[in-house]
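Here's the structure we're looking at; comments come further down.
There are 4 protein chains.
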Amino acid sequence: MTVNELVLQMGEAGVFMGGNLAKAVDIYEQMVKEGVYIFLTLAGALTPAGMRKIILTLIKKRLVNAVVSTGANLVHDTMEALGGSFYQGSPYLDDSKLLNAEVDRIYDILVTEKDFREKFDDPLLAIYADIDQRLNGRLISINELLIEVAKRLPTSDCIIKACYENGVKLFSPTISDSVFGLQMAIYNRLHKGNLHVDAFQDLQEMWDIRESHDKAGAIVLGGGVPKNYVFQSFFFSRKKLDYVIQITLDRPETGGLSGAPPEEAVSWGKVKPDANKVVVVSEVTVALPIIVAALLERLDKK
Amino acid sequence: MTVNELVLQMGEAGVFMGGNLAKAVDIYEQMVKEGVYIFLTLAGALTPAGMRKIILTLIKKRLVNAVVSTGANLVHDTMEALGGSFYQGSPYLDDSKLLNAEVDRIYDILVTEKDFREKFDDPLLAIYADIDQRLNGRLISINELLIEVAKRLPTSDCIIKACYENGVKLFSPTISDSVFGLQMAIYNRLHKGNLHVDAFQDLQEMWDIRESHDKAGAIVLGGGVPKNYVFQSFFFSRKKLDYVIQITLDRPETGGLSGAPPEEAVSWGKVKPDANKVVVVSEVTVALPIIVAALLERLDKK
Amino acid sequence: MTVNELVLQMGEAGVFMGGNLAKAVDIYEQMVKEGVYIFLTLAGALTPAGMRKIILTLIKKRLVNAVVSTGANLVHDTMEALGGSFYQGSPYLDDSKLLNAEVDRIYDILVTEKDFREKFDDPLLAIYADIDQRLNGRLISINELLIEVAKRLPTSDCIIKACYENGVKLFSPTISDSVFGLQMAIYNRLHKGNLHVDAFQDLQEMWDIRESHDKAGAIVLGGGVPKNYVFQSFFFSRKKLDYVIQITLDRPETGGLSGAPPEEAVSWGKVKPDANKVVVVSEVTVALPIIVAALLERLDKK
Amino acid sequence: MTVNELVLQMGEAGVFMGGNLAKAVDIYEQMVKEGVYIFLTLAGALTPAGMRKIILTLIKKRLVNAVVSTGANLVHDTMEALGGSFYQGSPYLDDSKLLNAEVDRIYDILVTEKDFREKFDDPLLAIYADIDQRLNGRLISINELLIEVAKRLPTSDCIIKACYENGVKLFSPTISDSVFGLQMAIYNRLHKGNLHVDAFQDLQEMWDIRESHDKAGAIVLGGGVPKNYVFQSFFFSRKKLDYVIQITLDRPETGGLSGAPPEEAVSWGKVKPDANKVVVVSEVTVALPIIVAALLERLDKK
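Taken in sequence, the protein lines are chains A, B, R and V.
All residue numbers for the first sequence refer to this note's numbering, where the first residue is 140 and numbers rise by one.
All residue numbers for the second sequence refer to this note's numbering, where the first residue is 140 and numbers rise by one.
All residue numbers for the third sequence refer to this note's numbering, where the first residue is 140 and numbers rise by one.
All residue numbers for the fourth sequence refer to this note's numbering, where the first residue is 140 and numbers rise by one.
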């Protein structure tokens with residue numbers, strides 16, 4: 140049985156989260172067919188959890204138009220692209236022993252500090268220095284910073300460069316909240332750097348994107364700032380999201396945006412009242428591979 | 140891409156819940172290969188949510204040896220087998236209007252009270268009367284009651300009868316907590332019935348099962364009493380569960396058994412310290428179809 | 140600041156779970172004032188988690204009229220009443236070591252198998268033998284079994300006996316799914332006992348309770364079979380629950396009853412459309428002590 | 140019974156989340172006694188949910204040293220301080236009707252777009268214009284922007300100004316992801332503004348704070364970027380967090396930082412192996428008022 144056949148069976152029952160998973164594939168397929176502008180938002184430890192290949196596939200096949208990511212997902216993805224590794228561990232390991240071994244844990248994923256240093260920190264510092272030299276004090280946007288980083292990365296097999304090469308916009312409003320930020324602080328302080336990045340500038344581009352497309356959809360993985368960043372860009376406009384796929388284990392009852400159903404965003408004018416929208420209550424590493432496998436199978440048939 | 144190919148890819152990353160899903164398939168495959176005695180426990184609204192076909196497949200292919208179910212899952216399954224229907228609804232419907240329309244809601248599933256009456260209540264009352272006449276006051280176990288019901292059901296396409304016909308044991312320690320119970324109360328009171336069922340008798344059979352098998356495993360869907368009923372049967376014995384697959388969205392922090400990881404059961408002597416065990420934090424209608432599709436694909440290949 | 144003053148402040152904001160907690164106190168106060176028939180349902184490891192004193196207070200002050208409990212909560216409560224102890228542990232302990240030390244773990248609670256044996260199993264076997272001798276083969280209900288146990292318990296400081304002494308009905312439809320069941324199996328097999336208990340009989344009493352009271356409410360701790368057992372008793376009647384307080388961390392999206400909001404039960408005719416009802420999404424050991432402390436403070440003032 | 144008396148009783152049982160709640164109060168008390176540098180992080184819709192008074196109390200009593208907040212919490216807090224209102228609604232309202240009525244919903248909280256415009260957007264635009272004039276193109280940090288806003292706010296009854304007046308540092312690394320950002324985009328585009336803010340500069344101040352204090356603790360409400368922003372600042376240092384109180388309903392199994400237990404941060408060197416740390420799995424509006432009320436009661440006694 141193919142993945143899409145399984146999804147179609149889930150869609151027949153059409154209830155609970157199996158039904159919502161099937162609906163998510165239908166929505167994605169419809170977005171692709173209609174040529175909707177598609178935002179993909181990344182929060183949570185997705186790239187170390189093996190989702191980077193799927194995300195890269197979506198970028199390279201241009202099945203998304205813009206990616207909005209936490210800084211950490213870009214850090215982990217780039218580190219792996221530059222030769223770093225994530226290992227299978229366990230949530231039950233002794234963190235004190237890991238500390239002594241210089242191994243960092245993300246739930247059941249392990250990564251060495253050596254890899255961080257050699258496969259990310261050092262290359263990034265060199266890239267920062269090179270960018271700094273070229274900019275000569277000129278203020279840039281986060282988006283531009285990522286493009287400058289992309290130009291200097293030696294591999295296409297990472298989100299930052301794949302976005303750059305495939306005309307997919309990349310936003311990371313929380314980039315300072317990651318090793319990109321920590322290394323920037325080190326670069327400017329210890330290496331006497333002079334790199335400066337505008338915290339708000341990219342909102343202009345989000346504004347232009349929103350106004351220049353008739354229809355838009357969002358695939359929300361995990362919620363957080365990336366979700367809000369896309370949703371809020373529709374707050375002050377007549378344009379609204381036409382499609383929403385949201386995959387999260389966060390709950391609505393806390394009032395936090397991550398768990399809030401897209402219905403709530405209808406009241407804010409961010410999502411159309413008749414938008415095609417679904418929440419798949421699931422951990423992303425279960426739902427996303429199924430959705431993408433089924434989507435690709437459907438698209439291949441045509 | 141086949142479902143098993145997708146699962147194998149998830150297993151390569153091997154982390155988060157995608158990794159655990161892949162591990163669940165490995166454990167199931169190993170249980171089948173080793174001829175382990177397999178308990179399947181059912182809690183939550185699984186049968187109305189379209190899981191009944193999958194469960195029936197497992198029973199008919201003898202990929203489980205015993206089923207422990209809430210009463211409600213057996214009620215809903217039998218009702219559908221006798222011609223009743225579950226419909227796709229929405230969690231946002233107005234329940235007052237549904238009340239007036241005599242439609243019952245289970246999250247986003249709808250079922251009519253007419254179907255309940257005609258496709259379950261009335262047939263069951265007739266079956267109870269027939270059993271009562273035959274027993275003539277003799278006390279039976281819940282297990283025996285289910286066998287007597289099975290004999291009188293006109294279709295093999297339901298869990299109660301499929302278990303009976305395929306030599307799969309069926310336990311429902313909470314059967315009184317379902318329409319089986321409500322109809323029993325009506326039968327004995329309004330129809331002057333004299334049906335009596337022993338609440339504890341089946342524990343003897345659970346005891347015998349445990350002692351007569353070298354290895355045992357449990358596939359736990361949702362938790363609840365069915366999970367505990369299987370786990371507790373290993374409490375006072377040197378025998379312990381060798382394999383556990385647990386699919387649930389319940390959390391461990393409440394201390395309730397449904398969300399408790401199998402590790403906890405190691406301390407109680409219910410699960411072997413070196414048991415092969417996994418928790419898939421997922422709604423069952425997402426995880427179970429994938430696990431079973433991948434398992435069947437693997438078994439077919441041999 | 141007193142607990143009630145804090146709750147009143149939460150009620151002023153009136154939103155999110157702080158607001159729902161405040162509403163729960165209001166509902167409880169109203170139930171008491173109106174003399175509503177109050178069901179209290181217990182699921183999850185409440186009694187070992189220190190909730191037994193609060194539950195005993197509610198029983199002894201007759202602030203509940205009927206208790207519906209899992210077997211395990213009664214086992215743990217009785218064991219502690221007979222001198223057993225629960226200890227503070229940690230969810231991170233090594234369960235293999237606990238197994239060797241004959242210590243059982245419930246999340247971060249520890250209990251010794253020695254206590255189980257000496258403070259529960261042995262006394263219970265003696266009580267079973269005594270009841271058996273007196274009944275001489277007569278079939279009794281679970282309710283009657285609990286009354287017979289109550290008569291033989293040496294302390295009023297446990298739920299079973301406190302209910303008996305204070306005219307509070309006690310139901311435990313899942314009693315076989317606990318050490319009460321395991322010991323019954325041992326008693327009847329190894330001690331040649333002849334104790335037999337009717338699985339369905341108590342439903343008659345639930346029926347009578349429902350029909351003989353104008354108004355009823357349910358305080359649902361954790362969900363599970365005890366919740367359904369109360370709710371289902373209103374399924375076939377014009378009587379419906381007028382009040383519902385539900386405290387749980389379970390989610391609605393699984394379709395399981397534990398996480399289902401009381402609105403859903405409106406469609407089934409179990410809860411009145413205009414019932415005063417609230418769900419407090421919280422672990423019980425946080426919410427219950429606050430609710431009861433605030434309630435007692437309010438009642439004391441009058 | 141006072142709140143602290145209740146908390147002390149919860150601490151006696153010491154298990155499940157009631158026990159963790161009591162432990163949280165102990166940790167907070169200890170941090171205050173030891174003069175630890177205390178970070179308070181705010182994520183989720185805390186200020187509209189009535190937590191702003193409690194947060195303001197902590198700031199004004201200098202029971203925190205630095206606040207790290209999402210932009211939205213500062214927006215909502217400031218709007219209310221300037222005369223806007225949040226109303227009690229329901230999660231079951233029809234969002235299409237709310238859209239037409241220009242009412243925005245946050246779970247069960249309602250706020251009018253009129254209030255947003257009149258009590259936040261318009262005043263903020265005027266403030267931006269005034270700051271812009273004064274800065275004359277000079278690049279500032281987010282921290283400095285908030286200080287400039289604080290100087291121009293007419294009331295001390297809001298987080299931004301209260302932090303400024305009480306020497307409490309205020310960070311908002313995600314400020315662009317809020318109406319502060321949307322209005323900045325509008326100001327710079329439609330009003331030809333020239334305000335520019337450095338996305339990374341505040342990391343220098345976080346660095347200095349970390350290095351200049353012997354001991355530090357974090358009170359984490361909800362997780363998200365604010366949590367990570369504090370935790371990551373300890374990543375590259377020998378300094379580590381000595382205390383962590385984390386209140387969240389997010390789960391660890393997704394691998395996201397919000398639900399990750401502080402133990403995980405030990406492996407990263409962000410939290411000391413022997414740090415005094417606790418996770419209270421609870422919605423913030425339940426746990427925070429209790430913790431703060433109990434803390435104040437304890438501090439008052441001395």
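Built from N, CA and C at the ideal position, the CB exists for glycine as well.
In this structure, V/M218 keeps its C-beta atom at 9 Å or more from the C-beta atom of V/K192. Residue contact with chain V for R/Q340: absent (no Cβ-Cβ distance below 9 Å to any residue of chain V). In this structure, the beta-carbon distance from A/G362 to A/G408 does not fall below 9 Å. Residue pairing by DSSP puts A/F178 in a beta bridge opposite A/A205 and A/A357. When secondary structure is reduced to three states using DSSP, R/A414 falls in the strand class.
Contact between V/I298 and V/L202 does not hold, since their C-beta atoms are separated by about 14 Å, which reaches or exceeds 8 Å.
Remark: three or more beta-carbon pairs, one from each stretch, lie closer than 8 Å, so the stretch 265-281 of chain A and the stretch 322-339 of chain A are flagged as touching. Partner residues in the beta bridge of V/Q227, as assigned by DSSP, are V/I248. Within the stretch 380-408 of chain A, those residues whose Cβ lies closer than 8 Å to any Cβ of chain R are, in chain order, R390, E392, T393 and G394. Our two residues, R/D413 and B/A433, have alpha carbons roughly 47 Å apart in a direct line. Among the residues of the stretch 244-269 of chain V, those with a Cβ less than 7 Å away from any Cβ of chain R are Y246, D247 and I248, in the order of the chain.
A distance below 7 Å between beta-carbons, with the five flanking residues on each side excluded, links R/T251 to the following residues of its chain, in chain order: E241 and V242. Taking a Cβ-Cβ threshold of 9 Å, the residues of chain R close to B/Y368 are T313, S315, D316 and G320, in chain order.
DSSP, reduced to helix, strand and coil, places B/I198 within a helical segment of the structure shown. Residue range I298 to E304 is occupied by the alpha helix (DSSP H) that includes A/I298. Within chain R, R390 and E392 have C-beta atoms less than 8 Å from the C-beta of A/V420, given in sequence order. Residue-level contact check: V/M156 touches chain B, since one or more beta carbons of chain B fall below 9 Å from its beta carbon.
The shortest C-alpha to C-alpha distance from R/K300 to any of R/P312, R/I384, R/N282 and R/M140 is the one to R/N282. The alpha-carbon separation between A/L427 and A/D347 amounts to approximately 29 Å. For V/V417, not one C-beta of chain A is nearer than 9 Å to its own C-beta. No Cβ of chain A is located within less than 9 Å of the beta carbon of R/Y176. With its beta carbon less than 9 Å from one in chain V, R/A432 belongs to the interface. Residues K354, A355, G356, D381 and Y382 of the same chain have their beta carbon placed closer than 7 Å to that of B/V175, with the five preceding and five following residues left out of the count. When secondary structure is reduced to three states using DSSP, A/S280 falls in the strand class. Counting only residues of its own chain and dropping the five nearest sequence neighbours on each side, B/S372 has a CB closer than 6 Å to the CB of M345 and R349. Secondary structure note for B/T313: it is in no beta strand (DSSP E), with a DSSP letter that is neither H nor E. For V/D271, no CB of chain A lies under 9 Å from its own CB, so it is not counted at the interface with that chain. Scanning its chain for C-beta atoms nearer than 6 Å, with the 5 sequence neighbours on each side dropped, one finds around R/V318 the residues V214, in chain order.
Closest option to V/G150, judged by alpha-carbon separation, among R/G189, R/R328, R/R273 and R/E287: R/G189. For A/D381, the enclosing beta strand (DSSP E) has its first and last residue at L380 to T387.
Listed as beta-bridge partners of B/V419 by DSSP are B/I386. CA-CA distance, A/G223 to B/Y167, rounds to 33 Å. Non-local beta-carbon contacts of B/E304 in its own chain, meaning distances under 7 Å to residues more than five positions away in sequence, involve S295 in chain order.
At least one CB of chain R lies nearer than 9 Å to the CB of V/Q148. Counting along the chain, the unbroken alpha helix (DSSP H) around R/R349 starts and ends at D341 to E350.
With 16 or more other CB atoms across the displayed protein chains lying within 10 angstroms of its CB, A/Y368 is buried.
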